[in-house]
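From first to last, the protein sequence lines are chains A and B.
Be aware that the first sequence starts at 797, since it is given in the working numbering, and climbs by one per residue.
Be aware that the second sequence starts at 64, since it is given in the working numbering, and climbs by one per residue.
Below is one structure, written out as structure tokens, with a few remarks after it.
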Amino acid sequence: MTHPVRRSLRVGVRGACAVFGLALLCLPALPAAASSVDPAQIGQVGNVGSPQGLSLPLTLLLFVGLPLVGFIIGGAMAFRPQRGARRRYRPGRPWTHEPVWFGDESSLEHEPKRAALPGAGGANGRW
Amino acid sequence: MAAGEAFTREQHERLERARRGAENETGMHFWLRVGEFDTDPRLESEHLLANLVATPRDDAVLILVAPGARRVEIMTTHSARRRISDQAAGLVVLTMTSSFSVGDLIGGIVNAFRQLADAAGHPADSDTVVSERPQLEGSH
Numbered sequence: 797m798t799h800p801v802r803r804s805l806r807v808g809v810r811g812a813c814a815v816f817g818l819a820l821l822c823l824p825a826l827p828a829a830a831s832s833v834d835p836a837q838i839g840q841v842g843n844v845g846s847p848q849g850l851s852l853p854l855t856l857l858l859f860v861g862l863p864l865v866g867f868i869i870g871g872a873m874a875f876r877p878q879r880g881a882r883r884r885y886r887p888g889r890p891w892t893h894e895p896v897w898f899g900d901e902s903s904l905e906h907e908p909k910r911a912a913l914p915g916a917g918g919a920n921g922r923w
Numbered sequence: 064m065a066a067g068e069a070f071t072r073e074q075h076e077r078l079e080r081a082r083r084g085a086e087n088e089t090g091m092h093f094w095l096r097v098g099e100f101d102t103d104p105r106l107e108s109e110h111l112l113a114n115l116v117a118t119p120r121d122d123a124v125l126i127l128v129a130p131g132a133r134r135v136e137i138m139t140t141h142s143a144r145r146r147i148s149d150q151a152a153g154l155v156v157l158t159m160t161s162s163f164s165v166g167d168l169i170g171g172i173v174n175a176f177r178q179l180a181d182a183a184g185h186p187a188d189s190d191t192v193v194s195e196r197p198q199l200e201g202s203h
């Protein structure tokens, strides 16, 4: 789970899924673009799709700029800080938090009543 | 106490629910502290439990978990030890450490409470529960 290669692989897959998802969002725009074409021009090869050649800035924008924007958005989604990830315990990492008590520990605030507990039992362990 | 720092609210509630569930089921007192030890773990937990209980005859259990030092300590009072033997506590420690070693702090503690409550049984029939379960005979 903590293996760095597996983690980066997971992040990569997540990024790819994000880009694919964004591309899917563009799908509804395609029929709208198609319907805007004049029906009389359909079938005239070389006329409908490309009435004139693309200019250099537009080519760069379409084939370099847009994919780049997609990758940036996908990457940002994959690497965005996750809520609660900081609080997850990882074995071997130092624990810097203050002690947290569960149960009423208010009696510890008074003067110590006893130093020992005769006959106490229990167990301990390490991991 | 910085409760919100170490755990999310949901995690905090899960731990508290597990602790209270064990208390209701057994009639014993349960305390849990997640934080580092200041002194020797065994001495510290004994000293803490000695001052948490109203009288040394109370049925009470203290669980200390030190995630940084990777150490867990379960301390039972004399009368709680008759219901939760050292052997049973050792099994609970094993449950906890196996969860902790894969990073599941909350799950390990929640299971520990459940297992401790199972070992202790209900307050009225604690003696019969102990005699029904051969693995707990070490408590006598």
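Quick reminder that beta carbons are idealized off the backbone N, C-alpha and C, glycines included.
*With respect to the beta strand (DSSP E) encompassing THR139/B, which residues constitute its N-terminal and C-terminal limits?*
Your numbering for residue 139/B matches position 76 in the second sequence. Taken as a continuous stretch (DSSP letters only), the beta strand (DSSP E) holding THR139/B covers 134 to 139.
_Closer than 8 angstroms to chain D by CB, GLY90/B_ = Any reference to chain D falls outside this structure, whose protein chains are A and B.
*Might you give, ordered along the chain, the residues of its own chain that have their beta carbon closer than 7 angstroms to the beta carbon of ALA183/B, omitting 5 neighbours on each side?*
Taking the first residue of the second sequence as 1, we reach residue 183/B at position 120. Counting only Cβ-Cβ distances below 7 angstroms, and skipping sequence neighbours, we find THR89, MET91, ARG146, ILE147 and SER189.
*For PRO63/B, collect the residues of the same chain with a Cβ closer than 6 angstroms to its Cβ; drop the 5 residues on either side in sequence, then sort them by chain order.*
The question about residue 63/B has no answer here: the residues shown for chain B are numbered 64 through 203.
*Out of curiosity, what's the CA-to-CA distance linking ASN87/B and ARG80/B?*
Counting from 1 along the second sequence, the entry for residue 87/B is found at position 24. Counting from 1 along the second sequence, the entry for residue 80/B is found at position 17. Each residue's alpha carbon lies about 10 angstroms from the other.
*Quick one: any contact between the segment 804 to 812 of chain A and the segment 864 to 880 of chain A, if contact means 3 or more CB pairs under 8 angstroms?*
yes
*Is DSSP giving ARG867/A helix, strand or coil here?*
Numbered from its first residue, the first sequence carries residue 867/A at position 71. Contrary to the premise, residue 867/A reads as Phe rather than Arg in this sequence. DSSP places PHE867/A in helix when its eight states are reduced to three.
*asked:* Please confirm whether THR102/B has its beta-carbon closer than 8 angstroms to some beta-carbon of chain A.
replied: For the purposes of this step, residue 102/B is identified with residue 39 of the second sequence, where counting begins at 1. Answer no: the Cβ-Cβ gap between THR102/B and chain A never drops below 8 angstroms.
*Cβ-based burial, VAL173/B [other Cβ within 10 Å; buried from 16]*: Within the second sequence, numbered from 1, the residue matching residue 173/B stands at position 110. Per the 10 Å Cβ criterion, buried.
*Beta-carbon separation (whole angstroms), PHE163/B vs PRO887/A, contact threshold 8 angstroms*: In the second sequence, the residue the question calls residue 163/B occupies position 100. In the first sequence, the residue the question calls residue 887/A occupies position 91. About 7 angstroms; that satisfies the 8 angstroms criterion.
*Identify whether ALA28/B lies in helix, strand or coil by the three-state DSSP scheme.*
Any property of residue 28/B remains undetermined from this structure, which presents chain B solely from 64 to 203.
*Expressed to the nearest angstrom, what Euclidean distance is found between the alpha-carbon atoms of PRO863/A and LEU852/A?*
Against the first sequence, residue 863/A aligns to sequence position 67. Against the first sequence, residue 852/A aligns to sequence position 56. Near 16 angstroms, if we compare the C-alpha coordinates of LEU852/A and PRO863/A.
*Can you give the beta carbon distance from GLY947/A to LEU95/B, rounded, assuming they're within the 8 angstroms contact cut?*
Any answer about residue 947/A is impossible in this case: the structure gives chain A only from 797 up to 923.
*In the segment 890 to 916 of chain A, which residues sit with their C-beta less than 7 angstroms from some C-beta in chain B, listed in chain order?*
PRO890, TRP891, HIS893, GLU894, PRO895, VAL896, TRP897, PHE898, GLY899, GLU901, SER903, LEU904, PRO908, LYS909, ARG910, ALA911, ALA912, LEU913, PRO914, GLY915 and ALA916
*asked:* Please list, in chain order, the residues of the segment 164 to 183 of chain B that have any C-beta partner in chain A closer than 7 angstroms.
replied: SER164, GLY166 and LEU168
_I'd like the list of long-range same chain contacts for VAL135/B, defined as Cβ closer than 8 angstroms, with 5 residues on each side in sequence excluded._
For the purposes of this step, residue 135/B is identified with residue 72 of the second sequence, where counting begins at 1. Contacts found: ILE126, LEU127, VAL128, ALA129, VAL156, MET159, THR160 and PHE163.
*Is ALA175/B closer than 8 angstroms to VAL896/A when the C-beta atoms are compared?*
Taking the first residue of the first sequence as 1, we reach residue 896/A at position 100. Taking the first residue of the second sequence as 1, we reach residue 175/B at position 112. No, these two residues do not count as a Cβ contact at 8 angstroms.
_Please classify SER194/B as buried or exposed, where buried requires at least 16 neighbouring CB atoms within 10 angstroms._
Here the question's residue 194/B lines up with position 131 in the second sequence. Only weak support exists for where SER194/B lies, its pLDDT of 43 falling under 50; the coordinates are left without a value.
*Inspect the beta-carbon positions of LEU111/B and LEU904/A and report whether they are closer than 8 angstroms.*
Position 48 of the second sequence holds residue 111/B. Position 108 of the first sequence holds residue 904/A. Result yes, Cβ atoms of LEU111/B and LEU904/A sit closer than 8 angstroms.
*Would you please state the rounded distance, in angstroms, between the beta carbons of VAL27/B and LEU179/B? I believe it to be under 8 angstroms.*
Chain B is shown from 64 up to 203; residue 27/B falls before or after that span and cannot be answered.
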